[in-house]
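Everything below concerns the one structure shown next.
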Amino acid sequence: MKIRSNIAVSESGFVFDPSTGESFTLNKTGQEIISLVKQGMDYEQILNSLLANYGGEKPLYERYLVEFFEELRNFNLLEE
Amino acid sequence: MAAKHNITVGVTGLNNIDSPGPGIPVIRGLKESDFFEVRVIGLAYETLEPGIYMSDLVDKTYMIPYPSEGKEALYARIAQIQAIEHMDVIIPNFDAELYSFIRLEPELKRIGISTFLPTLTQFEERHKANLPEYGKKYTVNVPKSIEVTNPSQFEKAVKELKLPLVVKGKYYDAYIAHEESQIEGYFNKLSAKWGLPIILQQFIKGTEVNVIALGDGTGQTIAAVPMRKQYITDKGKAWGGITLADDAMLNLTKSIMTQTKWRGGMELELVRDANGKLFLIEINPRIPAWVYLAVGAGQNIPEALVKLALGIDVAPYQHYDVGKMFIRYSYDMIVGIDKFEQFTMTGEL
Chain A
9 MKIRSNIAVS ESGFVFDPST GESFTLNKTG QEIISLVKQG MDYEQILNSL
59 LANYGGEKPL YERYLVEFFE ELRNFNLLEE
Chain B
151 MAAKHNITVG VTGLNNIDSP GPGIPVIRGL KESDFFEVRV IGLAYETLEP
201 GIYMSDLVDK TYMIPYPSEG KEALYARIAQ IQAIEHMDVI IPNFDAELYS
251 FIRLEPELKR IGISTFLPTL TQFEERHKAN LPEYGKKYTV NVPKSIEVTN
301 PSQFEKAVKE LKLPLVVKGK YYDAYIAHEE SQIEGYFNKL SAKWGLPIIL
351 QQFIKGTEVN VIALGDGTGQ TIAAVPMRKQ YITDKGKAWG GITLADDAML
401 NLTKSIMTQT KWRGGMELEL VRDANGKLFL IEINPRIPAW VYLAVGAGQN
451 IPEALVKLAL GIDVAPYQHY DVGKMFIRYS YDMIVGIDKF EQFTMTGEL
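In order, the protein sequences belong to chains A and B.
The opening position of the first sequence corresponds to residue 9 in our numbering, with each subsequent residue numbered one higher.
The opening position of the second sequence corresponds to residue 151 in our numbering, with each subsequent residue numbered one higher.
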């Protein structure tokens, strides 16, 4: 799983797709997940990293993470 | 830096209103030229075109006759203005006046005025009504279109195009009809304003994208910048837009330029459907009102067009900034009645 190569993600969490002109904003958690994706982590690794950092129930993380990736897919930001 | 070349350019389309003409953004591009020092002569049809009163951009404005008065009347007035102003180039910016200016090209040249316009064949074949043939000839995806001149033709057209469909005026304006009963109202509105025929066009659902481009008349694309409208007014005009990195749009533009050998400025209006397929909705045969975005992104199309008109070599632009935006705004000028009076009574300001 990778963010498409031409997608620009700024440190403030602003995401810009130069091929469509669409822009998006990420909250802190979104920014953290994108940064983990950029480090080359897969879904399981990202899930474990979030669990290790923040604790809590795994199913809850799974639900939100799946939803988040679904959104990235819908906005055509991922290259899989 | 080398000294700039002093030139005088006549520009129409000073109606910088809610459905803006391209004149003022064209002038802004010319004024920012590193190559030319431009004296701008505004050519206006109406006394309230805002550009007439923008003395920081327009040095002098003259009233000219409406295209409906014919090319002879237009030529007579321009010759009169030329005797005073010695214009080097005229950039016409309205679809409706292009026919006259194209026909007048040799006469204007004889009195020292250059233009850089499409040929009559290029101008005619890209008419909305001819779009289906255009698509076939140049292998471009176009929506199905049917030309209508009276309401008895609606039923058959609806069967073929399905609803919703787009009702388009000969030169400008378009409405989406969701029911057959709406078509007649739009037909009457558009035909009263722009004449017949009216074009009924298949509605393509998708994202509206546009390309501004300049062809040198030999098949070469001198400039091309793709844009997506980010904010669209109720008149369908872009109030905000952003430049895109889109090879498909640029390749389509170059393919059209190469095949048609387009001469002058143009705007391709495109829709990208859900599958990413591009449909050509319309070709505007002139510089569009959002040209200043191209200037801001690194391609000074008005300057390049003037160079081409004057026979100066222009290397094709290779770059533009992606992610450059324009945000349009309205601005109230305060104008003394004396200025309005002068323009109304003398046709000059």
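Glycine included, each C-beta is placed from N, C-alpha and C at the ideal position.
By DSSP, does residue 82 of chain A sit in helix, in strand, or in coil?
Position 74 of the first sequence holds residue 82 of chain A. If DSSP states are grouped into helix, strand and coil, residue 82 of chain A belongs with the helices.
Given residue 212 of chain B as reference, the closest of B/221, B/228 and B/326 once Cα atoms are compared
As a working note, residue 212 of chain B is residue 62 in the second sequence. When each option's Cα is compared against that of residue 212 of chain B, the closest is B/228.
So residue 161 of chain B and residue 193 of chain B are in contact, right, with Cβ under 8 Å, and what is the actual spacing, rounded?
Your numbering for residue 161 of chain B matches position 11 in the second sequence. Your numbering for residue 193 of chain B matches position 43 in the second sequence. Sure, about 7 Å apart at Cβ, within 8 Å.
In the DSSP assignment, what are the bridge partners of residue 87 of chain A?
Counted from its first residue, the first sequence places residue 87 of chain A at position 79. In the DSSP output, where bridge partners are listed per residue, residue 87 of chain A has A/10.
Residue 286 of chain B and residue 349 of chain B: beta carbons closer than 8 Å?
Walking along the second sequence from the start, residue 286 of chain B turns up at place 136. Walking along the second sequence from the start, residue 349 of chain B turns up at place 199. No, these two residues do not count as a Cβ contact at 8 Å.
Between which two residues does the beta strand (DSSP E) holding residue 239 of chain B run?
For the purposes of this step, residue 239 of chain B is identified with residue 89 of the second sequence, where counting begins at 1. Where residue 239 of chain B is concerned, the enclosing beta strand (DSSP E) starts and stops at 239 to 241.
DSSP-derived helix/strand/coil call for residue 61 of chain A
Within the first sequence, residue 61 of chain A is the residue found at index 53, counting from 1. Per DSSP, reduced to three states, the secondary structure at residue 61 of chain A is helical.
Below-8 Å beta-carbon distance, residue 14 of chain A vs any chain B residue
Along the first sequence, read from residue 1 onward, the residue named residue 14 of chain A stands at position 6. Residue 14 of chain A has a beta carbon lying within less than 8 Å of a beta carbon in chain B.
Which listed residue (B/247, B/268 and B/271) has its alpha carbon closest to that of residue 322 of chain B:
If you number the second sequence from 1, residue 322 of chain B lands on position 172. Closest by C-alpha distance to residue 322 of chain B, out of B/247, B/268 and B/271, is B/247.
Under the DSSP definition of a beta bridge, which residues are partnered with residue 155 of chain B?
Within the second sequence, residue 155 of chain B is the residue found at index 5, counting from 1. In the DSSP output, where bridge partners are listed per residue, residue 155 of chain B has B/186.
Any idea what DSSP makes of residue 256 of chain B, helix, strand or coil?
Position 106 of the second sequence, counted from the first residue, corresponds to residue 256 of chain B. Per DSSP, reduced to three states, the secondary structure at residue 256 of chain B is helical.
What three-state label does DSSP hand residue 165 of chain B in the structure shown?
In the second sequence, residue 165 of chain B corresponds to position 15, counting from 1. Note: residue 165 of chain B maps to coil in three-state DSSP.
Taking a cut of 7 Å between CB atoms, which residues from the stretch 391 to 406 of chain B lie near chain A?
Taking 7 Å as the Cβ-Cβ cut-off against chain A, the residues of the stretch 391 to 406 of chain B that qualify are 392, 394, 395 and 396.
Give me the chain A residues within the contact set of residue 361 of chain B, using Cβ-Cβ distance strictly less than 7 Å, ordered along the chain.
Reading the second sequence from its first residue, position 211 is the one you call residue 361 of chain B. In chain order: nothing, as chain A lies at least about 13 Å away.
According to DSSP, which residues form a beta bridge with residue 379 of chain B?
The residue given as residue 379 of chain B occupies position 229 in the second sequence. Per DSSP, the beta bridge partners of residue 379 of chain B are B/391.
What is the DSSP secondary structure of residue 324 of chain B, reduced to helix, strand or coil?
Position 174 of the second sequence, counted from the first residue, corresponds to residue 324 of chain B. The answer is strand: DSSP assigns residue 324 of chain B an E or B state.
Chain-ordered chain A contacts of residue 178 of chain B [CB-CB under 7 Å]
Here residue 178 of chain B is taken as the residue at index 28 of the second sequence, counted from 1. Listed by position along chain A, the residues whose Cβ is nearer than 7 Å to that of residue 178 of chain B form an empty set, because the closest Cβ is around 22 Å away.
Chain-ordered chain A contacts of residue 500 of chain B [CB-CB under 7 Å]:
The first residue shown for chain B is 151 and the last is 499, placing residue 500 of chain B beyond what the model contains.
Under a CB-based cut-off of 8 Å, is residue 253 of chain B close to chain C?
Protein chains A and B are contained in the structure displayed, whereas chain C is not.
Does the stretch 352 to 359 of chain B touch the stretch 409 to 423 of chain B, meaning 3 or more C-beta pairs lie closer than 8 Å?
The stretch 409 to 423 of chain B vs the stretch 352 to 359 of chain B: in contact.
When you compare the CB of residue 303 of chain B with every CB in chain A, is at least one pair closer than 8 Å?
Residue mapping note: residue 303 of chain B aligns to position 153 of the second sequence, counting from 1. No, residue 303 of chain B does not count as interfacial toward chain A.
So, is the C-beta of residue 29 of chain A closer than 8 Å to a C-beta in chain B?
Walking along the first sequence from the start, residue 29 of chain A turns up at place 21. Interface residue, yes.
Closer than 8 Å to chain A by CB, residue 380 of chain B:
Here the question's residue 380 of chain B lines up with position 230 in the second sequence. At least one CB of chain A lies nearer than 8 Å to the CB of residue 380 of chain B.
Whole angstroms are fine: how far does the CA of residue 408 of chain B sit from the CA of residue 169 of chain B?
One-based indexing of the second sequence puts residue 169 of chain B at position 19. One-based indexing of the second sequence puts residue 408 of chain B at position 258. Between residue 169 of chain B and residue 408 of chain B, the C-alpha separation is close to 31 Å.
Between which residues of its own chain and residue 258 of chain B is the CB-CB distance below 8 Å, once the five residues before and five after are set aside?
Here residue 258 of chain B corresponds to residue number 108 of the second sequence, with the count starting at 1. Hits under 8 Å: 225, 228, 240, 251, 264 and 265.
Consult DSSP for residue 360 of chain B and reduce its assignment to one of helix, strand or coil.
To locate residue 360 of chain B, count along the second sequence from 1; it is residue 210. It is a strand residue.
Label residue 295 of chain B either buried or exposed according to how many other C-beta atoms from any shown protein chain fall within 10 Å of its C-beta, with 16 as the threshold for buried.
On the second sequence, position 145 is the one that residue 295 of chain B refers to. Looking at its Cβ environment, which holds 16 or more other Cβ atoms inside 10 Å, residue 295 of chain B is buried.
For residue 432 of chain B, three-class secondary structure by DSSP
Locating residue 432 of chain B in the second sequence gives position 282, counting from the first residue. Looking at residue 432 of chain B - three-state DSSP - the assignment turns out to be strand.
Only counting runs of 3 or more residues, tell me where the beta strand (DSSP E) segments fall wholly within the stretch 296 to 352 of chain B, in order along the chain.
As for any beta strand (DSSP E) of minimum length 3 sitting wholly inside the stretch 296 to 352 of chain B, the runs are 315 to 318, 324 to 327 and 348 to 352, ordered along the chain.
Are the beta-carbon atoms of residue 320 of chain B and residue 345 of chain B separated by less than 8 Å?
Your numbering for residue 320 of chain B matches position 170 in the second sequence. Your numbering for residue 345 of chain B matches position 195 in the second sequence. Yes, Cβ-Cβ distance for residue 320 of chain B and residue 345 of chain B is below 8 Å.
To the nearest whole angstrom, what separates the beta carbons of residue 158 of chain B and residue 222 of chain B, a pair I think is in contact under 8 Å?
Here residue 158 of chain B corresponds to residue number 8 of the second sequence, with the count starting at 1. Here residue 222 of chain B corresponds to residue number 72 of the second sequence, with the count starting at 1. Not really, about 24 Å apart at Cβ, beyond 8 Å.
Closest to residue 485 of chain B by CA distance: which of B/471, B/342, B/201 and B/330 is it?
Residue 485 of chain B sits at position 335 when you count from the first residue of the second sequence. The candidate whose alpha carbon is nearest that of residue 485 of chain B is B/201.
Applying the 10 Å Cβ sphere with the 16-neighbour rule, what's the burial state of residue 17 of chain A?
Counting from one through the first sequence, the residue named residue 17 of chain A turns up at place 9. The residue in question, residue 17 of chain A, is buried, as its Cβ has 16 or more Cβ neighbours within 10 Å.
Residue 227 of chain B - DSSP class collapsed to helix/strand/coil:
Your numbering for residue 227 of chain B matches position 77 in the second sequence. Correct three-state label for residue 227 of chain B: helix.
Mark residue 434 of chain B as exposed unless 16 or more other C-beta atoms lie within 10 angstroms of its C-beta, in which case mark it buried.
For the purposes of this step, residue 434 of chain B is taken as the residue at position 284 of the second sequence. A residue is called buried when at least 16 other Cβ atoms come within 10 angstroms of its Cβ; residue 434 of chain B meets this threshold and is buried.
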